[in-house]
Structure formats: C-alpha cells, structure tokens
Amino acid sequence: MSMCGSAAAVSICGSAAWATSHDIMASNAEEAKRPQRTLPIALLSTVAVCAVLYVAVALTVTGMQYYSKLDNAAPITGALKAVGADWAVRIVGIGAICGLTTVVMIMLLGQSRVFLAMSRDRLLPEWFSHVHPVTRSPRRITWTLGLLVAFMTAVLPIGDLAELGNIGMLTSFIVVCIGVVYLRRSRPDLRRGFRTPWVSVVPAVAVLLCLLLVGNLPLITWARFLGWMAAGLLIYLCWGRRHSKVATGELAAGATPGTAEDHAMAEGRKS
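Mapping of the sequence shown onto mature numbering (1 follows the signal peptide of the UniProt record, and there is no 0): residues -19 to -1, 1 to 252, in sequence order.
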C-alpha cells in the first residue's frame, strides 16, 4: 500500500459529512441531563472514535485496491470485489442502508431543534415553537422539515445536495470557530461549562482546515451556496430583524429564548 494512496483516502474522509452528527448533540443540549458536563465528554469522545474508525477504513481499503480505482460511487464494495469477497458486498450494502436511515433521522432531529430555537426567538414564525403536550417534541416543525427534505430529495440531484450540505456545514464550522474567539474576548464574563483549550490556536487551525476543504468544491456549488445565503439574508431582513426578541430588545443577548431566564424577563416586563 503506497503512502500516496493512504493520504488520498484520508483526505476524502475529510469531507464535512462525517462530522455532521456531532454538532447535533449540541443542538439537543436542552434534552440532556447535566449538559455542561456530559456534552463536552460526548462530543470529544465521539469525534475521536469516529476519526479513528474512518482512518482505519481508509487505510484498509487502500490496502485492498489501488487508490486511483477507488474514485467511484461505491469504493468499499469495489475494493471487496477486487479481493474476491463478494459475500461481504451484501453485508456492506445492508449496513449502508441502515446507516443512511439513522443519519437522516438524526439530521432531522438536530435541525428541528435548531428551527425550534429560531422560532422561539421569532426568527421564524412563532407558530413553529409549539411543543406537543404528550410527546414533548416540536411536532409542527418536524413535519414541515420532513416534508421539505422529502420534496428536495425527490426533485434535486442527490450529488448537488451533498455538495451544498458540505459547504454549508464547513461554513457553519468556520463561523463557530470565529465565534469562540470573539466571545472569549468580548464576553469573558459568560459562564462556560466547557472552555476550548489553546483558544488562540485551535480555532485558527480549524478554520484553515475547513477553508482547505471548502476550496476543493466546484464553483457551481459556491454559486448555489451564495444564492442560498442571499435568500436566507433576505428572509432575515424582511422578517427576522423586525421580529427577533434579541434584535428588538425583548431578550438580552446572553439569554436563551424559551428558557426560564427568558420567561423571567417576560414576567418582569409585564409587571
């Protein structure tokens, strides 16, 4: 197995798809017990485990087949066929279907919680912030999001959606890294359950790595992404800026919409 092949396979694993499930844990922090302690442990441990597994798979596959022949839609099954392990192809296929199913469910779970927080702040219509009294879940936003995702996957090429997902995720990672540095310096008084170590180095390295991956995406993906961002900015200017609790001063910048602090501030305004 050549080192060039290993490096190429590892770089392929550097796409944003493998990291999307980890930030969903943060989106669901409201439903965790002792999130200040458990979330950092869960995030760091799962990232480490997944990184090791991805690198191990990449090294194994490039040992089974030359790396230039792995540039296809199903590189793992192709490598298995190359070594005569046809019996394992079906197992890998079934595992891939099960894995994709859980990924879709988890992505919908995380995104629904993001939209729930936005609707609580009225960045989205407050109608979406309704929580079902029995299931204690945001049923309205979950149904709306599920139908939207089903429609998009039915009418748009899956490859284009994957590239848009990659550039969107990588951009959000860049924004988060910049936000860590900004908040550490502008709001040193904030109570933090977890503090990023080496804050002058870790976010900078993360931003550079994300920019490296984003730079490998085709120009058409950039054009679509900029159009999508422009649409989001237009929605914010037309709706969010005039309705947001933070923007209108109804909620302090340090408080979280829908929390006890938010309700306390609302009661204070009423009295």
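Built from N, CA and C at the ideal position, the CB exists for glycine as well. Given the structure is predicted, the values throughout are model-derived calculations rather than measurements.
Integer Cβ distance of residue i from residue j, believed to fall under 8 Å
{"i": "A69", "j": "L61", "result": "5 Å"}
Selected residue, minimal CA-CA separation from residue i, among the options
{"i": "A55", "options": "L34, V36, I78", "result": "I78"}
{"i": "A204", "options": "G149, R166, R168", "result": "G149"}
{"i": "Y217", "options": "N197, I87, P106", "result": "P106"}
{"i": "N9", "options": "G213, I87, Y48", "result": "I87"}
{"i": "V85", "options": "R117, V115, A63, A131", "result": "A131"}
{"i": "T116", "options": "G140, S167, R71, E12", "result": "E12"}
{"i": "T43", "options": "L24, A63, Q17", "result": "A63"}
{"i": "T202", "options": "C219, G140, G65, H111", "result": "G140"}
Beta-carbon proximity of residue i to residue j, cut-off 8 Å
{"i": "T58", "j": "V73", "result": "yes"}
{"i": "H113", "j": "R120", "result": "yes"}
{"i": "H3", "j": "V38", "result": "no"}
{"i": "V182", "j": "V162", "result": "no"}
{"i": "L126", "j": "L89", "result": "yes"}
{"i": "L151", "j": "V195", "result": "yes"}
{"i": "A32", "j": "L20", "result": "no"}
{"i": "G91", "j": "I22", "result": "no"}
Residue burial classification, residue i (beta-carbon count within 10 angstroms, cutoff 16)
{"i": "P199", "result": "exposed"}
{"i": "A245", "result": "For A245, the pLDDT reaches just 44, beneath the cut-off of 50, and the residue's location in the model is therefore unreliable, leaving the point undetermined."}
{"i": "I122", "result": "buried"}
{"i": "G46", "result": "In the sequence as displayed, the identity of residue 46 is Gln instead of Gly. With 16 or more Cβ atoms within 10 Å of its Cβ, Q46 is classed as buried."}
{"i": "L215", "result": "exposed"}
{"i": "S100", "result": "buried"}
{"i": "F109", "result": "buried"}
{"i": "K14", "result": "exposed"}
{"i": "T41", "result": "exposed"}
{"i": "C(-16)", "result": "Because C(-16) carries a pLDDT of 46, less than 50, the predicted location of this residue cannot be relied on, and the following value inherits that uncertainty. Exposed is the call here."}
{"i": "C191", "result": "buried"}
{"i": "S225", "result": "buried"}
{"i": "A(-13)", "result": "Confidence at A(-13) is low in this model, with a pLDDT of 44, below 50, so the placement of that residue should be treated as unreliable; the coordinate-derived value is given next. When all chains shown are included, A(-13) counts as exposed."}
{"i": "V30", "result": "exposed"}
{"i": "S26", "result": "exposed"}
{"i": "G249", "result": "In this prediction, G249 has a pLDDT of 46, which is less than 50 and means its spatial position is unreliable; what the coordinates show is noted afterwards. Answer is exposed; the Cβ neighbour count stays below 16."}
{"i": "A(-11)", "result": "In this prediction, A(-11) scores a pLDDT of 44, lower than 50, which makes its location untrustworthy; no coordinate-derived value is stated."}
Check whether the region 173 to 180 touches the region 224 to 232, counting contact only when three or more Cβ pairs, one atom from each stretch, lie closer than 8 Å. no
Are there three or more Cβ pairs, one per stretch, closer than 8 Å when the region 142 to 159 is compared with the region 183 to 196? yes
Quick check: the region 202 to 216 against the region 141 to 148, are at least 3 beta-carbon pairs closer than 8 Å? yes
Say whether the region 93 to 101 touches the region 131 to 138, bearing in mind that this needs 3 or more beta-carbon pairs closer than 8 Å, one atom from each stretch. No: fewer than three Cβ pairs fall under 8 Å.
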